[in-house]
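What follows is a single structure, written as structure tokens, with notes after it.
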Amino acid sequence: MFDGIRKLYLGDFNNMSQEPQPDGSIVVTLTTHGEAKVYRFRVRDLYGLNEEVLEEEVIEAGPPQFIRDRMEEARKQKRGKR
Amino acid sequence: MTQAAVAAALAGGFVGYLLGKEERPPTEADIATYLREAKPTLIRTLRIDTATERSVDLYPMPGQAIYVKNPEVPTQPVYIRLNEPDAAELEITELRKIKSPFYRFYISNAAGAGVLELEIHKTKATDLAESQMNVNITATTAIVDINVVASAVMMPVDIQGAYIMMPVDIQAQYMNLEIDIVAQSVGHIEIDIAAQSVGNIDINIAAQTANLDINIAAAAVTLDINIASQAASLNVNIAATNVTLDVEVQNASITVTATNLSIKIDAQAVGVYLQPEWAAKERKDKNFSFMAMNLAVGATGNAYYTVPADKDLYLCGFSFEIYATNNADKNNNQIGAISLYNLDTTTTLAWLGGNGGGGVVFAKPILVPEGEQLRYSWSNRSNHVASGYVTVWGYEVDV
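If you read the protein sequences in the order shown, they are chains E and R. FYI, the numbering for the first sequence is 4 to 85, going by the numbering used here. FYI, the numbering for the second sequence is 771 to 1169, going by the numbering used here.
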């Protein structure tokens, strides 16, 4: 079982979006608060007898590195002022 | 100062007092100096093999008391005379103990079998069978180990010190323990009670800072607070800049009859969360979205979610947007509708329609139990092709 479909059946997520595709499949996207990963998979016959995950990808999420660097710099300056 | 010099200097003092020959009691400083420098042996064990016959044999050992550790072992009685060879002869295997000052003693016994063990005590402070002991300590550093095994114990303890560590291990059939603590700071007070019944446990704390942790780990816990009185006052007053008061209760009931239940919160830093809010705070919330593109007139798009086992899903609201796919229709009415439907119970849970979109927050969360399947739908009720989104939100709890 792929990571994304497993999280779906466990309810191990906070946000789920579904986008129907022209071929009848559905792209499901799952995210969880505080977890900088996006689980996206395309599934045919979701919750059906012949359910099949056609594609899956895990995308690293969160702010880009240069934003994180600025945040870290701001935190250091704040600590220095204390 | 050498050991011999110290012993000589104090011979008329501490040692003499121990032997009962000195009138002036030694000061505590005298005792501490003597013990530190001379390192005397205050208790000695003497083994007498009764296989050898003795007739008023001299033992030049001074002391305050003699205890017989194994009087049942010798096959023949053993006799003792204190101090002088013509003193009264006592059968020590029968007496088992002698408490009297002596500077020597004599032993007599017929040949038999068995080794008799005697404890010769040079001090008069200890008694194996019964004891009354007053301990007064004045010192920079004091380490006192107290092990008491007796049928009845009375031990008032008064301790005053800048730094106190006092582990106490008590095993008794009945115990009354009163502890009064007055200190600037109290680090850790741990009380473990294993008893068939516990009478009163009164805890009165007056301190600038106090941590009171009550941790109960047991297969079954019954914590009853029963108040039966004509006038009961149960006050919990918390005065602090920031307060975190977490109370997690499952299956609780509060019954208030013929009175008022007032909860007054007069602080900006105190919040009360309802369960949907708490779920979001604890990151247990669920948010679903569904995007339907280019739906024909009258068509419906569906999305599904099956609630996992061991969880219940509570829905708190839903909303939608609808817009014309083609530019020529964008100035027309954009009529759409959404619905929530339980496929297992074939029950429509909620309907909503509107022009351009809409949304509603449920005054009461809608439950979708574990294992049941939710369908959330979006329908194009316009007279042209339209696209749109649906969002549904709520939270899940473990069941």
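Ideal placement from N, C-alpha and C gives every residue a C-beta, glycine not left out. Here the structure is a predicted model, which means the values were calculated and not measured.
Quiz item: How many Å lie between Ala1062(R) and Thr992(R) at the Cα?
Solution: Looking at the two C-alpha atoms, the distance is approximately 54 Å.
Practice problem: Determine whether the Cβ of Asn1101(R) lies closer than 8 Å to any Cβ atom of chain E. | Solution: It does not: the Cβ of Asn1101(R) has no partner Cβ on chain E nearer than 8 Å.
Self-check item: Interfacial residues, the segment 8–34 of chain E to chain R, with Cβ spacing under 7 Å
Solution: Taking 7 Å as the cut-off between beta carbons, the residues of the segment 8–34 of chain E near chain R are Tyr12, Leu13, Gly14, Asn17, Asn18, Met19, Ser20, Gln21, Glu22 and Pro23, in sequence order.
Self-check item: Lys867(R) and Ile890(R) closer than 8 Å at C-beta
Solution: Not in contact: Lys867(R) and Ile890(R) (Cβ atoms no closer than 8 Å).
Quiz item: For the 8 Å Cβ check, are there 3 or more pairs between the segment 850–868 of chain R and the segment 807–819 of chain R?
Solution: Taking 8 Å as the limit for Cβ pairs, the verdict is that the segment 807–819 of chain R does not touch the segment 850–868 of chain R.
Quiz item: From which residue to which residue does the beta strand (DSSP E) around Met19(E) run?
Solution: Where Met19(E) is concerned, the enclosing beta strand (DSSP E) stretches over Asn18 to Pro23.
Quiz prompt | His891(R) - partner residues in DSSP beta bridges | solution = Residue pairing of His891(R) in beta bridges, as defined by DSSP: Ile813(R) and Ala835(R).
Quiz prompt | Among Ile1092(R), Asp1114(R), Leu828(R) and Tyr944(R), nearest to Val1138(R) - alpha-carbon criterion | solution = For the residues Ile1092(R), Asp1114(R), Leu828(R) and Tyr944(R), the minimum Cα distance to Val1138(R) belongs to Asp1114(R).
Quiz item: Of all Cβ atoms in chain E, is any one closer than 8 Å to the Cβ of Tyr1093(R)?
Solution: No, no contact with chain E.
Quiz item: Between Arg806(R), Phe1088(R), Leu1144(R) and Gly1127(R), which lies nearest to Lys1134(R) when the distance is taken from Cα to Cα?
Solution: The candidate whose alpha carbon is nearest that of Lys1134(R) is Phe1088(R).
Exercise. Select from Asn1064(R), Val1067(R), Lys892(R) and Gly1129(R) the residue whose C-alpha is nearest the C-alpha of Cys1086(R).
Key: Measuring from the Cα of Cys1086(R), the nearest candidate turns out to be Gly1129(R).
Self-check item: Which residues DSSP lists as bridging Phe1156(R), in chain order
Solution: Going by the sequence as given, residue 1156(R) is Ala instead of Phe. Its beta-bridge partners are Leu1065(R) and Ala1094(R).
Self-check item: Exposed unless 16 or more other CB atoms sit within 10 angstroms - verdict on Lys1056(R)
Solution: That one is buried.
Practice problem: Within the same chain, show all residues whose beta-carbon is closer than 7 Å to that of Ser16(E), passing over the 5 residues directly before and after it, in chain order. | Solution: First, the residue type needs correcting, since residue 16(E) is Phe and not Ser in the sequence shown. So the list reads Lys10, Leu33, Thr34 and Thr35, once near-sequence residues are dropped.
Quiz item: Quick one: is Phe1132(R) near chain E, going by C-beta distance under 8 Å?
Solution: Interface criterion not met: the Cβ of Phe1132(R) is under 8 Å from no Cβ in chain E.
Quiz item: What residues in the segment 1120–1145 of chain R bring their beta carbon closer than 9 Å to a beta carbon of chain E?
Solution: Here the close residues are Gln1143.
Exercise. In the DSSP assignment, find the unbroken alpha helix (DSSP H) run with Glu1047(R) in it and report its ends.
Key: That run of the alpha helix (DSSP H) goes Gln1045 to Lys1051.
Practice problem: Look at the alpha carbon of Asn53(E) and the alpha carbon of Ile70(E), and state the distance between them as a whole number of angstroms. | Solution: Answer to the nearest angstrom: the Cα atoms are 43 Å apart.
Practice problem: Give the secondary structure of Asp962(R) by DSSP, where H, G and I count as helix, E and B as strand, and everything else as coil. | Solution: Three-state DSSP puts Asp962(R) in coil, outside helix and strand.
Quiz item: Taking the C-alpha atoms as reference points, what is the distance between Arg1151(R) and Ala1066(R)?
Solution: It is roughly 9 Å from the alpha-carbon of Arg1151(R) to the alpha-carbon of Ala1066(R).
Practice problem: Compare the C-beta of Ser1147(R) against all C-beta atoms of chain E and say whether one is closer than 8 Å. | Solution: By this cut-off, Ser1147(R) is not an interface position.
Self-check item: Exposed unless 16 or more other CB atoms sit within 10 angstroms - verdict on Gly65(E)
Solution: That one is exposed.
Quiz item: Using Cβ-Cβ distances below 9 Å, what residues of the segment 44–62 of chain E are close to chain R?
Solution: Close to chain R, meaning a Cβ-Cβ distance shorter than 9 Å, are the following residues of the segment 44–62 of chain E: Leu49 and Tyr50.
Quiz prompt | Contact set between Gly37(E) and chain R, taken where Cβ atoms lie within less than 9 Å | solution = Within chain R, the residues near Gly37(E) are Arg1053.
Practice problem: Mind listing the chain E neighbours of Glu1166(R)? Cutoff is C-beta to C-beta under 7 Å, in chain order. | Solution: Per Cβ cutoff of 7 Å: Gly14.
Quiz prompt | Span of the alpha helix (DSSP H) around Lys10(E) | solution = Unbroken alpha helix (DSSP H) run through Lys10(E): Asp6 to Leu13.
Quiz item: Does any CB atom of chain B fall closer than 8 Å to the CB of Ala1062(R)?
Solution: Reference to chain B is not applicable here, since the protein chains of this structure are E and R.
Self-check item: Buried versus exposed call for Ala1073(R) [16 or more other C-beta atoms within 10 Å across all chains shown]
Solution: Residue environment analysis places Ala1073(R) among the buried positions, since at least 16 neighbouring C-beta atoms fall within 10 angstroms of its C-beta.
Exercise. Check whether the Cβ of Pro1046(R) lies closer than 8 Å to any Cβ atom in chain E.
Key: Not one chain E Cβ lies under 8 Å of Pro1046(R).
Practice problem: With DSSP as the reference, label Leu898(R) as helix, strand or coil. | Solution: Because the pLDDT of Leu898(R) is 40, which lies under 50, any placement of that residue in the model is unreliable, and the number read from its coordinates should be weighed accordingly. Leu898(R) falls in the coil class under three-state DSSP.
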